[in-house]
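Below is one structure, written out as structure tokens; comments come after it.
Residue numbers (the working numbering), protein chains in the order written: chain A, 5 to 220; chain B, 554 to 1327; chain C, 410 to 536.
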């Protein structure tokens, strides 16, 4: 586990969070694999808590040009946004993969919106739902929406309040083997949300740590 | 029941399908729209699970989505794009209802979720139509384009490749999609062009690129490409034209040019060498004869350096007598481009004329010529001709010598026979003895006939004696000369005749045939100095077109007379020459060497052939092929018992003949035959008779008369007496060959020597004809 | 009978989570933990555990690679690969190595099934 020096979460909390994300994305990968028909390779999750600007920089700095993202917001005990992000050039490949690979270019472009939205929906639901489940909470999630733009654009969406100047940047690299499809998931939360999250994580750790005595 | 609230009403009025599912997955609410679209009424749906109502739903994501919504509050969408038909729904019009589904958790005490079904049929349909139309247009162009067309995304991945591209680069149709363009292009030229394209720079000119095919080979293409965008997504479409052929042609041309330059240089060097070293004269001149250049050989011929020849006319160097030839050649050269050959004598530098054979060809307004000094050749040729001529002359003289010698020899014998026989007759008559005179007179006549035959032969050889082809019974003829043959052959040679059955009549001259057979017999005898056997055979032969021997004979039926001896035979060399005139193997004085060539001539004139077979030491067979006469042969009356000649009845005949003995003879014959006779010794003295009133039935005139010739006499006679029958007597067969031209109607000809019978018959014929005509 | 079981996962929480469930089923067993493949191999050599449970998604060598390594050392050791990433390929490769696959988060029933099978195996190979 790669853990960056946390501002608000301690090691264990970050560990816990990344494990939750790991499980969530793992489940999503299983769904995605069924849809894509080929093995999904997942990297180890990387969790950082950074400012939005930094987050934009991290993504933008990877020199991938324009991006397309599936956006879902969630509300409840914690609220925020989840983004499944692809380089624009990859998203078509993903659509081609999930639609069976035989469609001509124009059709893929036509279907991209819907197919990408649903695919993103599956992945993000897998992630978020799992996290929510393990934290013992329920989250109200929106339906997916496609957004395009640079890293900067994605992390400065209209309607986002200034209070959301912190990003919990969970980065999992996933790739479809044999195809050039790469993407990552980012979650954006504001400070209050982050605080709630911390509390939830602490609860989880406590629950799990009950029997930890006796382990080597 | 309480009245439905607005919200409850709204539930059944909305234009979307709504389902409420409880925590166990059972349907709690089912709106009217959905009932209509699914054909399942509310009553039948409530209380069941969705999988129960729609069995096929189990395989889709629906259950999971509902479960997730109920358990973790996730919201899901299921799109028509990915799933096709999630629920089996129909529009009011009965068409398939295309829909998207969203699943949302419903807030409340118990977990429930709401399933919404949105009708997207119209939108999808519209999109589909639009897309199809676009695709159709696009596909029509792209799929059928002969050039490779590729669409790339900004990362250089191939998003679309048309069939031509698959063919061009050797990949199966689908394999190129998703591949990086660098699979095909790796060079500098590509990277530069790509950079420009992405930056939006227009490519003004097509870019030449080398592509790598699947099999590793290179394909040269010319690329036109441009950038375009669709919904902020950028693409580059490139059209790649196959220029392999053009390139190959360019390379070939380049190579050719390189070798061409080299070859031109080589050829120039060669040409210079040839020009300098040739012993033939090479000349370049204008078409009017003005010399522009000549090689060293030319300088030598004309006795001047090329520079000093410049602008001098060629005609200056040609001897005056040959200027016309030169002018004619120059004129022809000016007309067309074919090479011209001409020969002129030219003034050599040192004065003596040389004969030069030129080959010239016009090139534009000049001509180039190559000339060879053939003076020596011509002189040699002339000398040869003279020598040949002299030889021929001497040969002729020699032959004539032989000929006259031989003929004289033969004639001597015959005359001796004639004179001798007549002497004996005179003595017998003087002594009153009449027995045997018939025998001797017959002998004299026979010898005279032999002499006549001899002259026939000679004249025939000289082609002056026309043939008189008649239908002839060949067997009969052979039989009739058998006696004579036996006497000629002598004691040592045995004669055998093998006369075939049913031998066809031949169409030929009987006299000629007789002398031919006689000649052959004599040759055969001479080839058997120690005796032997001579066989004369007659047979029928049919020559078909496929016969190997028949290349100089017309196919058809032939009567063949063969004479075979058992003599010395001939070598092949001799056999080849044996029909040549003057060729003889006999010593001088014996034979003329004319016999076989005359026989050959006779056979050919008869439209037949002669064939020779011989083997040294064994003998020779000579076969005469004579065309078959179709019809009955003219059979001569039995020899010996000659029919009496037809008698006249006092008709008057005018005889014009300068030779007194002949004239005497003719008149005697006429009187014997019962005609009366008028005589004239030449044309002049005949005229008074002609001009007079004396009745003249017929005129017999020699053709060759002193002064007025027989023909002229006849013409004059015809003026006075248009119906006068004229019989020409001639020994000059050139007149005879012009028989047709010479003779008019009522005119006939008889050649000397003739038998008295023949004369009598002719005269009778003509007089009868004349009297009938009256 | 008390066995020694090795739990390998880079996430402490995950190790805690498995330990919790394990404790409910086999309180008397001895637990050994490792945070990555290197540590795991070392612990196997040093501690000689009887059974091992390996997280799939780890930095460095992943769970399957580790499983292969352990197989080389201990051919008969019952192994389980644990992951939320239930993809056919991963499950298949797990089974190829003669290991069990458990979904994350690990639930009692699944773990119980695995442990029972593992014990049976150990008894069989011990004789």
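By construction, the Cβ of each residue, glycine as well, lies at the ideal position given by its N, Cα and C atoms.
By DSSP's assignment, residue 1217 of chain B forms no beta bridge with any residue.
Distance from the CA of residue 13 of chain A to the CA of residue 93 of chain A, rounded to the nearest whole angstrom, comes to 35 Å.
Think of a sphere of 7 Å around the beta carbon of residue 708 of chain B: the chain A residues whose beta carbon falls inside it are 93, in chain order. Non-local C-beta neighbours of residue 802 of chain B in its own chain, meaning closer than 7 Å and more than five positions away in sequence, are absent. For residue 1109 of chain B, the enclosing beta strand (DSSP E) covers residues 1109-1118. Neighbours of residue 19 of chain A in chain C, taken as residues at a C-beta separation under 7 Å, are given in chain order as 420, 421, 422.
DSSP places residue 79 of chain A inside the beta strand (DSSP E), whose first and last residues are 71-80.
Three or more beta-carbon pairs separated by less than 8 Å link the stretch 1031-1048 of chain B to the stretch 1062-1076 of chain B, which places the two stretches in contact.
By the rule that beta-carbons nearer than 8 Å mark a contact, residue 411 of chain C does not touch chain A. The bridge partners DSSP lists for residue 439 of chain C are C/413. Under the 8 Å Cβ criterion, the stretch 476-487 of chain C counts as touching the stretch 502-512 of chain C, having at least three qualifying pairs.
Contact annotation: in the stretch 39-62 of chain A, residues whose CB is within less than 9 Å of a CB in chain C are 42, 43, 44, 46, 47, 48, 49.
Boundaries around residue 926 of chain B are those of the beta strand (DSSP E), 919-926, since no alpha helix (DSSP H) includes it.
Taking 8 Å as the upper bound on Cβ-Cβ separation, chain A lies near residues 492, 493, 494, 495, 496, 497, 498, 499 of the stretch 485-504 of chain C. Residue 876 of chain B counts as exposed, since fewer than 16 other C-beta atoms from the protein chains shown sit within 10 angstroms of its C-beta. Annotation for residue 465 of chain C: 471, 472, 473, 490, 491, 492, 494, 499 place their beta carbon closer than 8 Å to its own, counting only its chain and skipping 5 residues before and after.
Contact note: residue 513 of chain C reaches chain A through 23, 26, 27, 30, 31, using a C-beta cutoff of 9 Å and chain order. At a cut-off of 8 Å between beta-carbon atoms, residue 629 of chain B makes contact with chain A. Rounded to whole angstroms, residue 1110 of chain B and residue 1085 of chain B show a C-alpha spacing of 32 Å. The bridge partners DSSP lists for residue 1024 of chain B are B/1060.
The CB of residue 426 of chain C comes closer than 7 Å to the CB of 212 in chain A, given here in chain order. Membership of residue 1229 of chain B in the beta strand (DSSP E) is indicated by the continuous run 1229-1233.
Closest option to residue 446 of chain C, judged by alpha-carbon separation, among C/439, C/440, C/461: C/461. Using beta-carbon distances, residue 429 of chain C counts as an interface residue toward chain A, with a partner under 8 Å. By the Cβ criterion, the stretch 654-672 of chain B is in contact with the stretch 564-578 of chain B, since at least three pairs of Cβ atoms, one from each stretch, lie closer than 8 Å. Near chain B, meaning a CB-to-CB distance below 8 Å, the residues of the stretch 135-158 of chain A are 136, 137, 142, 143, 144, 145, 146, 147, 148, 152. Taken in chain order, the unbroken stretches of beta strand (DSSP E) that lie wholly in the stretch 102-152 of chain A and span 3 residues or more are 143-145. Contact residues of the stretch 113-134 of chain A toward chain B are 113, 114, 115, 118, 119, 121, 122, 125, 129, 132, 133 (C-beta to C-beta distance below 7 Å).
Against chain B, a Cβ distance below 7 Å from residue 15 of chain A picks out nothing, because the smallest value is about 27 Å. Taking C-beta atoms as the reference points, residue 30 of chain A and residue 45 of chain A fail to come closer than 8 Å. Secondary structure within the stretch 875-905 of chain B: the beta strand (DSSP E) runs of 3 or more consecutive residues, fully enclosed, are 893-900 (chain order). Of all alpha-carbon atoms in B/1249, B/1242, B/1222, the one lying nearest the alpha-carbon of residue 1308 of chain B is that of B/1222. Cβ contact annotation for residue 1052 of chain B (same chain, cutoff 6 Å, sequence separation greater than five): 1028, 1091, in chain order. Secondary structure remark: continuous alpha helix (DSSP H) runs of at least 4 residues inside the stretch 735-779 of chain B, in chain order: 741-751. Nearest neighbour of residue 796 of chain B by Cα position, chosen from B/1153, B/769, B/759, B/889, turns out to be B/759.
As a beta-bridge residue in DSSP terms, residue 781 of chain B pairs with B/788.
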